Amino acid sequence: MELTLLMYLIPSLIMFGCGIYGFLTRKNMIAMLISLELMLNAVDINFALFNRFLYPGKLEGMMFSLFAIAIAAAETAVAIAIIINVYRIAKNVDINQINKLKF
Amino acid sequence: MITNTVLVLVLPFVMFLFLGLAGVKMPRKTAGVIGVVGMLITTVLAYWVAIDYFMHHPGHEQISAEVDWLNFTPKLVARMGVLIDPISAMMLVVISTVSLMVHLYSLGYMCDHHGHAEKGFQRYYSFLALFTFSMLGLVVATNIFQMFIFFEMVGLSSYLLIGFYYSLPAANHANKKAFIVTRLADLFFLLGIMILTFSTGTFDFKELVGLGDMAASQRAAGTMDGLTFLGIPAVGWALVFIFIGGAGKSAMYPLHIWLPDAMEGPTPVSALIHAATMVVAGVFLIARMFPLYVLAPMAMNVVAVVGAFTAFYAAAVACVQSDIKRALAFSTISQIAFMMTSLAVSADGGQLVGGHEAGLGYMASMFHLFTHAMFKALLFLCAGAIIHAVHSNENDKMHGLHKFMPITSIAFLIGCLAIAGIPPFAGFFSKDEILVACYERGLGWGLWMSMVAGMTAFYMFRIYYLIFFWKKHEVHTEHEPSDQPWTMTLPLIILASISCVAGFLPFGKFVTYNGEVLETHMNWTVAGSSVGIALVGIALATWLYFKENPKPERMKNAMSGLWEAAYRRFYMDELYQFITHKIIFQGICKPIAWFDRIFIDGFFNKLADLTGNASFAIRRVQGGNAQSYVFVYLLGALLLAAVTGVVILMI
Amino acid sequence: MESLGNIIMYVIIALSIIVFSVMAVTTKKILRAATYLLFVLLATAGIYFQLDYQFLGTTQIAVYAGGVVVLFVFAILLTHKPGHNAEPITSHKKAQGILAAVACVVLCGVALFSFGRFCFKTLGGGTDVPMGKLGMSMLSTGSDGYLLPFEALSVLLLACIIAGVVIARRR
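Residue numbers (the numbering used here), protein chains in the order written: chain W, 1 to 103; chain F, 104 to 754; chain H, 755 to 925.
Structure below.
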C-alpha cells in the first residue's frame with residue numbers, strides 16, 4: 001500500500017470543513033478564532049503537500065507554509081488583543097455583542 | 104393724533120414683550136410697577152387722543168391712517184391701520200381707564216396676606232398688557248379683517264388669563280370652554296366676513312358703512328341684492344353670521360355658557376375682560392356695522408330678540424346664584440344684552456325709528472357700555488376685595504361684612520345703585536335712554552326691558568345684602584376681614600366716583616351713529632316708571648334679604664323646581680353636554696373615527712406593515728452579524744468556484 | 755511499498771486530525787476546544803515530519819503548538835469563568851454551518867476528482883531540505899530568494915506587536 005496525495009488531502013479537507021462550521025456557528029469569539037486557525041492550518045498542509053508530492057525539488061510551497069504560520073501567529077496575537085479589549089467593554093466575548101460598534 | 108393712537112397701541116405691546124421676556128429676571132413687584140407705569144402712560148395718551156378728537160373735530164369725522172398688509176387682489180387688500188371716530192375714541196377711554204384700574208388693583212390683589220407677590224406675577228402683567236393691546240387694536244381697527252384678527256387676539260389673551268392658575272383643573276376647563284365656544288362663534292364671524300367681502304369687494308369700514316353714512320351702506324348692501332338665500336339677501340345672512348361672532352364674545356344666549364366659568368380666572372381679570380371690555384366687543388362690532396344692520400331688518404330682529412331674551416334669562420339666573428362672581432357674571436350678560444337690544448330697537452323694517460331722536464338706541468347703547476364698564480368693573484373689583492378678605496366665592500361665607508369693610512361696602516353700594524338705575528348714579532341715565540329707545544320701538548319691548556331692569560335691581564341688592572348684612576359675620580379665616588391695601592382701595596374709590604358722575608356727561612353730543620349732535624330730552628314717564636320699578640326691586644330685596652329671616656328659604660322650597668332650574672342656569676350646560684357628547688361625539692364623531700381608523704388608517708397601516716415585513720425579511724443582510732456576513736461571503740465564493748470549475752471543464 | 759510504521763503513523767495522524775477537528779468545533783467547553791486544537795496542530799506537525807519537512811514541522815510545533823495555543827489559553831482564562839459552558843447552538847445556525855461546511859467539502863471533493871490526475875502520486879524519497887539551504891534562500895535575492903517576503907514579514911510582526919500592545923493596553 002502506498003500513501004498517495006489524496007490520502008493526505010482528505011483529513012486536511014475535513015479540517016477545513018470543521019473550521020467553516022465552527023466559524024459560522026460558535027458565538028464565542030475565541031472559539032471562532034480557533035476555527036479560523038483550523039482553516040489556516042488546513043491550507044498550510046495543502047501547500048506543503050502539493051509542494052512535496054508534485055514538485056519535490058522545489059521550496060515554494062514549504063516557504064509559503066512557513067510564512068503563513070508566522071502571519072497566522074501575528075494575526076492571532078492581534079485578534080486576541082482585540083478580544084480582550086472587547087471583553088473589557090462588554091464583559092463578554094460574544095460576537096453578537098460587538099455589533100454595538102455600529103452605534 | 105394718529106401718532107398718539109399708534110403709541111397707545113405700541114406701548115402695551117412693548118410692555119407685553121418686555122414683561123414677558125425680561126420679567127422673570129426682575130423681582131415680581133418691580134415687574135408689576137413697570138406694568139402699572141406703562142399702563143398709566145398709555146392711559147394718559149388715550150385720554151389725550153380722545154380729548155383732542157372731541158375738542159378739535161366737532162364734525163366727528165372719521166380720521167384714519169393705514170398701511171397695506173396683504174394684497175389679495177388689486178381690489179381686495181387687507182390693511183392695517185388706526186381709525187378714530189366717536190365710538191373708538193370713547194372705547195379708548197373706557198379700555199385704558201379700566202385697564203389702568205385693574206393694573207393698579209392687581210398689585211394688591213395678586214399678593215398673599217403677607218404682601219408677597221404670587222408666582223407668575225410677571226406673566227400676569229405681561230398677559231394683561233397683551234390683552235390691553237389687543238382690545239385697543241380691536242376698537243381702532245380700520246377694516247373688518249383687522250378687527251377679526253384682534254377679535255381672535257382678545258380671545259387668546261382671555262384664554263391665557265382665565266387659565267392663569269394653570270395648575271387648577273377648573274381653570275383649565277374654563278379656559279378651554281371659553282376658547283372653544285368663542286372660536287365656534289368666530290367661525291361664523293369669518294363666514295360673515297367672507298360673504299360680505301365676496302360681493303362688496305372691500306373690508307374697509309369707511310367704504311362699507313362710513314360714519315352713519317346710509318348712502319354708503321346702501322351702496323354696499325346694494326351690491327349684494329342679487330344674492331339671496333331662503334328669500335333673505337346675502338347681506339342679511341352675512342350680518343347674522345357676524346352677529347353670531349359678536350354674540351360669542353359678548354356671551355349672548357345660547358353662547359353665554361363660557362362666561363360664568365371664566366370666573367375661574369383672577370378677579371381683576373374678570374373685571375377687565377369679562378365685565379368691562381372684551382365682552383362688549385360684540386356690542387362694539389354691531390355698533391361699528393350699525394348702518395348695515397339698519398338696512399337688514401332680519402339681522403336686526405335677530406339681534407333684538409336674542410338680546411331681549413338673554414337679558415331676561417341672565418337676570419333670572421342671577422337671582423339665585425350663590426357664588427358672587429357668577430352672579431355678577433350673569434348680571435354682566437344681562438347688561439350686555441341690554442346694550443344689544445338697545446342697538447337693535449333703534450331700527451325697524453330698514454328704517455331708523457324715533458323721528459327726531461333717531462339713533463337714540465345707538466347712543467344709549469354706547470352710553471350704557473361706557474357707564475356699565477365703570478360700575479361693573481367697580482363691582483367686580485369690590486368682589487375681588489371681599490374674596491381676598493374671606494378666601495371664598497360663596498356668599499354664605501360672607502354675610503355681615505359691612506362692619507369690617509366699610510369702604511368696600513360703600514363702593515359696592517354705589518355700584519349696585521348705578522346698575523339698578525337710581526338717580527343720580529351713572530346707570531340711571533344710560534338705562535333710561537335704553538328704555539326710552541325700547542318704548543319708541545314698541546310698548547312690548549319697553550315693558551319687557553323694564554321688567555328686566557326691575558329684576559336687575561332685585562338681584563344686585565340681594566347680592567349686596569347677602570354679602571354685607573343678613574347676619575353677623577362669623578370669622579372663619581385666621582385674619583379678620585378688613586379693607587384692603589391702598590392699591591386695591593384707590594381703584595374702588597376712583598371707579599365709584601366715576602360711577603357717581605358719569606351719568607351727567609352729555610353723551611349725545613359726543614357719540615352718535617352719524618356724528619351729529621343728538622339732543623336728548625328726559626322722558627319723565629319712562630324715567631319715573633323705571634326708577635319706580637327699580638325701587639320696587641330694591642324694596643323686595645330689602646324685605647327678603649336685609650336681615651336673617653326664613654322667607655327666602657320658604658320661597659325657595661315653595662318654588663323648588665324653578666329655583667333649582669335657575670340655579671343650574673336652566674340646564675344650558677347640561678344641554679350642551681348632551682349635544683356635544685351624546686349627539687356629536689357618539690353619533691357623528693365615533694363613526695367617522697371608526698371609518699378613519701379602519702379604512703384610511705388601515706390602508707396605510709397595511710402599506711407600512713408590508714414595508715416593515717419586507718425590511719424585516721432582508722434586514723439580516725445588514726444586521727451587523729459577522730457570521731451571517733461570512734456565510735453569505737462563503738456561499739458567494741463557493742458559487743464562483745463552482746462556476747469557474749464548470750467553465751474550465753467545458754473548455 | 756511504504757514501510758508499515760509510516761502507514762500506522764499516517765492512520766494515527768489522519769484519525770486524530772479528523773476526530774480532534776470535529777471535537778474542537780463541537781465541544782461546549784472553550785478550554786477543551788483549545789486543547790483539541792493543540793492536538794490537531796501536533797498531528798499537522800506529524801504530517802510535515804512525514805513529508806520530510808523537519809524545519810516546517812518544528813516551526814509548527816514551536817509557533818503554533820507552543821505559541822499560539824498558549825496565547826489562546828491565556829485569553830480564555832482571562833475572559834471566562836471556570837466551568838463556563840457555551841450556550842447551545844440554535845438549530846438554524848447549526849444547519850447553516852453544516853450547509854456551508856458540506857458545500858465547501860463537496861465542492862473541493864468534486865474539484866479533486868475532476869482535476870485529480872495527480873491525486874494518486876506517491877511520495878518519492880530523499881528530498882530532505884537542509885537547514886543551510888533554507889537559511890540561504892531566506893536571505894538571498896534572485897529566483898530562489900525570499901528576502902523580500904522575509905523582511906516584509908518581520909515588519910508585519912513588529913507592527914503586530916505594537917498593535918497588540920496598543921489595543922490591549924488598559925486605558
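Every residue, glycine too, gets a C-beta built ideally from N, C-alpha and C. In this text the structure is predicted, and so the values were computed from the model without any measurement.
Limits of the alpha helix (DSSP H) - the one that residue i falls within
i, result
"Gly821 (chain H)", "Premise fails: Gly821 (chain H) is in no alpha helix (DSSP H) and is neither H nor E."
"Gly47 (chain F)", "For chain F, the structure presents residues 104 to 754; residue 47 (chain F) sits outside this window and is missing."
"Val180 (chain F)", "Taken as a continuous stretch (DSSP letters only), Val180 (chain F) belongs to no alpha helix (DSSP H), being part of the beta strand (DSSP E) at Val180 to Ile187."
"Glu255 (chain F)", "Ile247 to Ile265"
"Leu66 (chain W)", "Glu60 to Ala90"
"Pro394 (chain F)", "Phe393 to Val397"
"His216 (chain F)", "That residue, His216 (chain F), is in no alpha helix (DSSP H); it is neither H nor E in DSSP."
"Ser707 (chain F)", "Inspection of the sequence shows that residue 707 (chain F) is occupied by Phe rather than by Ser. Residues Gly705 to Ile721."
"Ile95 (chain W)", "Run containing Ile95 (chain W): none; DSSP gives neither H nor E here."
"Trp548 (chain F)", "Leu546 to Phe571"
"Ser731 (chain F)", "Ala729 to Met753"
"Met469 (chain F)", "Leu463 to Val493"
"Val919 (chain H)", "Leu901 to Ala922"
"Ala605 (chain F)", "First-last for Ala605 (chain F): undefined, no H or E at that position."
Check: residue i C-beta below 8 Å from any heavy atom of the ligand NAP
i, result
"Ala816 (chain H)", "Inclusion of the ligand NAP in the displayed structure is not the case, the ligand content being empty and no account of it being possible."
Test item: CB-CB of residue i and residue j under 9 Å
i, j, result
"Pro965 (chain H)", "Lys782 (chain H)", "Residue 965 (chain H) lies beyond the stretch modelled for chain H, which goes from 755 to 925, so this question has no answer here."
"Gly34 (chain W)", "Met15 (chain W)", "For clarity, residue 34 (chain W) is Ile in the given sequence; the question names Gly instead. No, the pair does not count as a contact, with Cβ atoms beyond the cut-off."
"Ser425 (chain F)", "Asp499 (chain F)", "yes"
"Ala281 (chain F)", "Trp361 (chain F)", "yes"
"Cys519 (chain F)", "Leu482 (chain F)", "yes"
"Ala529 (chain F)", "Ala605 (chain F)", "yes"
"Ser353 (chain F)", "Met563 (chain F)", "no"
Buried versus exposed call for residue i [16 or more other C-beta atoms within 10 Å across all chains shown]
i, result
"Phe681 (chain F)", "exposed"
"Asp535 (chain F)", "buried"
"Phe103 (chain W)", "Residue placement at Phe103 (chain W) is flagged as unreliable, the pLDDT there being 49, under the threshold of 50; the coordinate-derived value follows with that caveat. Flag for Phe103 (chain W) reads exposed."
"Glu543 (chain F)", "buried"
"Gln454 (chain F)", "exposed"
"Gln725 (chain F)", "exposed"
"Glu905 (chain H)", "exposed"
"Met885 (chain H)", "exposed"
"Gly690 (chain F)", "exposed"
"Phe67 (chain W)", "buried"
"Gly126 (chain F)", "buried"
"Asn78 (chain F)", "It is not possible to answer for residue 78 (chain F), since the shown part of chain F is limited to 104 through 754."
"Thr245 (chain F)", "buried"
"Lys91 (chain W)", "exposed"
"Arg182 (chain F)", "buried"
"Gly739 (chain F)", "exposed"
"Leu13 (chain W)", "buried"
"Glu2 (chain W)", "exposed"
Terminal residues of the beta strand (DSSP E) in which residue i lies
i, result
"Trp172 (chain F)", "Ile166 to Asn174"
Residues that residue i contacts on chain H, provided the C-beta gap is smaller than 8 Å
i, result
"Asn41 (chain W)", "Val794, Leu795, Thr798 and Tyr818"
"Leu263 (chain F)", "Near Leu263 (chain F) there are no residues of chain H at all, since even the closest Cβ is about 55 Å away, more than 8 Å."
"Leu6 (chain W)", "Leu866, Gly870, Cys873 and Phe874"
Neighbouring residues, chain F, relative to residue i (Cβ below 7 Å)
i, result
"Leu861 (chain H)", "Leu741, Ala744 and Ala745"
Under 9 Å by beta carbon: chain F residues contacting residue i
i, result
"Leu24 (chain W)", "Gln730, Ser731, Val733, Phe734 and Leu737"
"Ala854 (chain H)", "Val733, Phe734, Leu737, Leu738 and Leu741"
Contact with chain C by residue i, beta-carbon distance below 9 Å
i, result
"Lys847 (chain H)", "Checking the listed chains, one finds no chain C in this structure; the protein chains it contains are W, F and H."
Interface partners of residue i on chain F, CB under 8 Å
i, result
"Asn96 (chain W)", "Asn728"
"Ile20 (chain W)", "Leu737"
Contacts that residue i makes with chain H (C-beta to C-beta distance below 7 Å)
i, result
"Ala48 (chain W)", "Tyr802, Leu805, Tyr807 and Leu810"
Listed from N- to C-terminal order along the chain, which residues in the region 71 to 92 of chain W have their beta-carbon within a distance smaller than 8 Å of any beta-carbon of chain H? Ile71, Ala72, Ala73, Ala74, Glu75, Thr76, Ala77, Val78, Ile80, Ala81, Ile82, Ile83, Ile84, Asn85, Tyr87, Arg88 and Asn92
Short of 9 Å Cβ to Cβ, which residues in the region 783 to 798 of chain H face chain W? Ile784, Ala787, Ala788, Tyr790, Leu791, Val794, Leu795, Ala797 and Thr798
Along the region 713 to 743 of chain F, where does the CB come closer than 8 Å to a CB of chain W? Name the residues. Gly726, Gly727, Asn728, Ala729, Gln730, Val733, Phe734 and Leu737
Check distances from the C-beta atoms of the region 886 to 900 of chain H to those of chain W and list, in chain order, the residues that come in under 9 Å. Lys887, Leu888, Ser891, Met892, Asp898 and Tyr900
Could you name the residues of the region 862 to 875 of chain H whose beta carbon sits closer than 8 Å to any beta carbon of chain W, in the order they occur along the chain? Cys862, Gly863, Leu866, Gly870, Phe872, Cys873, Phe874 and Lys875
Residues from the region 131 to 150 of chain F in contact with chain H, defined by Cβ distance under 9 Å: none
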